[in-house]
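In this note's numbering, the protein residues as written are 8 to 257.
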């Protein structure tokens, strides 16, 4: 949960009881500066899925908060904070929202329908998973792995197109089920693992991994479960890591 922040809107919070609840996207349109509709296939980042408007203007995930008529989003990193304006309309006993985003010389409009007017909290819709697994050793995963790719699906990985600019740049699997993830600009994340699974106790999530040998090199494919998965309920993408240092059990 993210408390309402006046700095995003340059105004104090103004409640709008009609907008509180869950909204589902049923349409997405884009327009150029002349008002002509454009093909939106290349602009999927501006298309939202379910949006929960929480009480008191609170935010979550990429939704930084809201006030009457406005919603603020942030994709993280160096991305800008985006301010969206919304209008509500009632038709055939259904509540609709037109959420408008202006970016450069284009305008994008998400059309949403309200599917619930309940006062949700983040815990009502965040995915949490069973994390109580016994430790099972896996000699193959021990050691240090460096990130070389990030893909939607494992089969999309291309060994000729390696990357060195990823946010998570290294994982070290240690004995007795300890694992450390290293992120740029962050303190190390210390978690647990068992054979085939990395266990995030804080977020209550389990990321499955598998190991493959490609062109005589050993690669680890690990599910990436962050906000897109936890709050957006999207399928997890995959980090690809290459083994650079072998570990062993005593």
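Just so it is clear, CB atoms sit at the ideal spot from N, CA and C, and this is done for glycine as well.
Bounds of any alpha helix (DSSP H) do not take in residue 17, whose DSSP letter is neither H nor E. Looking at the backbone, the Cα of residue 133 and that of residue 29 are separated by about 13 Å. For residue 176, the uninterrupted beta strand (DSSP E) segment begins and ends at 175-180.
Cβ contact annotation for residue 96 (same chain, cutoff 6 Å, sequence separation greater than five): 103, in chain order. One Cα belongs to residue 194, the other to residue 176, and the distance between them is close to 12 Å.
If you draw a straight line from the Cα of residue 248 to the Cα of residue 208, it is about 22 Å long. Cβ contact annotation for residue 26 (same chain, cutoff 6 Å, sequence separation greater than five): 60, in chain order.
Here residue 213 is buried. Its C-beta has 16 or more other C-beta atoms within 10 Å. Leaving aside the five residues that flank residue 122 on each side, the residues in its chain whose CB is nearer than 6 Å to its CB run, in chain order, 29 and 31.
Between the beta-carbon of residue 157 and that of residue 246 there is about 6 Å, and that keeps the pair under the 8 Å contact cut. Residue 197 has its alpha-carbon roughly 10 Å from the corresponding atom of residue 206. Between residue 227 and residue 221, the CB-CB gap reaches or exceeds 8 Å. DSSP places residue 199 within a strand segment (E or B) once states are collapsed to three. With fewer than 16 other beta carbons inside 10 angstroms of its own, residue 83 counts as exposed. Residue pairing by DSSP puts residue 214 in a beta bridge opposite 205.
Residue 225 is bridged by DSSP to 220. In this model, residue 9 and residue 243 are separated by some 23 Å (Cα to Cα).
CA-to-CA, the gap between residue 44 and residue 34 works out to about 13 Å. Around residue 94, the same chain offers 105 as residues with beta carbons nearer than 6 Å, after the five sequence neighbours per side are excluded. Going by DSSP, residue 103 is part of the beta strand (DSSP E) stretching over 101-110.
Residue pairing for residue 97: DSSP places it in a beta bridge opposite 102. At the C-beta level, residue 72 and residue 140 stay beyond 8 Å of one another.
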